[in-house]
Amino acid sequence: MRVRGVLFDLGHGLGSFNFAEARKCLDAGFPVDTISSDIYQRNIEGPVYDMPTTMSKLLYLGMSLDDVLLRSTANPAKVIGRVEGLGTLRVGAPGDVAVLAIEDGQFRLVDSQRNAVIAKQRIACRLTICRGKRVVGRV
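Residue numbering for the sequence shown follows the numbering used here, starting at 125 and increasing by one per position.
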């Protein structure tokens with residue numbers, strides 16, 4: 125399918141992400157092309173929580189930070205193709221930035237079937253700027 129231009133998105137939602145299945149895909153050399161969260165009222169308190177948590181799950185599974193960031197920013201922006209420069213930090217691009225940090229510790233991550241793992245690292249958002257303005261609270 126990928127050969128024909130079909131792209132694969134994670135789309136983590138209430139019932140659509142499983143650690144064991146994601147591990148099989150990664151081990152088979154089949155990572156997702158884009159990482160997104162299907163977040164809404166019923167899953168914002170778990171298992172999705174937010175985009176950094178979804179990104180942390182792929183980091184836990186062994187995807188490099190560079191690959192997680194690419195699949196969460198530039199790749200989806202390219203697929204959407206709505207605004208020139210979206211998903212980049214180029215001069216003249218939209219002023220959308222997430223300042224992220226890697227935290228070390230013991231972090232419980234849960235998939236859609238309530239399987240839990242303990243990750244040694246997680247991605248945390250320190251600041252979000254959307255259209256040039258600081259966003260306070262959840263986006």
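Each residue gets a CB set at the ideal place from its N, CA and C atoms; glycine is no exception.
All of these numbers come straight from a predicted model, not from anything done at the bench.
query = Taking Asn199 as the reference, which of Gly211, Asn239, Asp228 and Val241 has the closest Cα?
reply = Gly211
key: Buried/exposed call for Ile163, threshold 16 Cβ in 10 Å   = buried
request  = State the CB to CB distance for the pair Pro218 and Val203, rounded to an integer number of angstroms; the pair is presumed to be in contact (CB under 8 Å).
outcome  = Going by Cβ atoms, the distance from Pro218 to Val203 rounds to 16 Å, so no, they are not a contact pair.
ask   = Smallest Cα separation from Thr158: which of Ala248, Lys148 and Leu194?
value = Leu194
ask   = How is Arg255 classed by DSSP in three states: helix, strand or coil?
value = coil
Selection from Leu131, Asp133, Gly135 and Asn142 that minimises the alpha carbon distance to Val234 = Asn142
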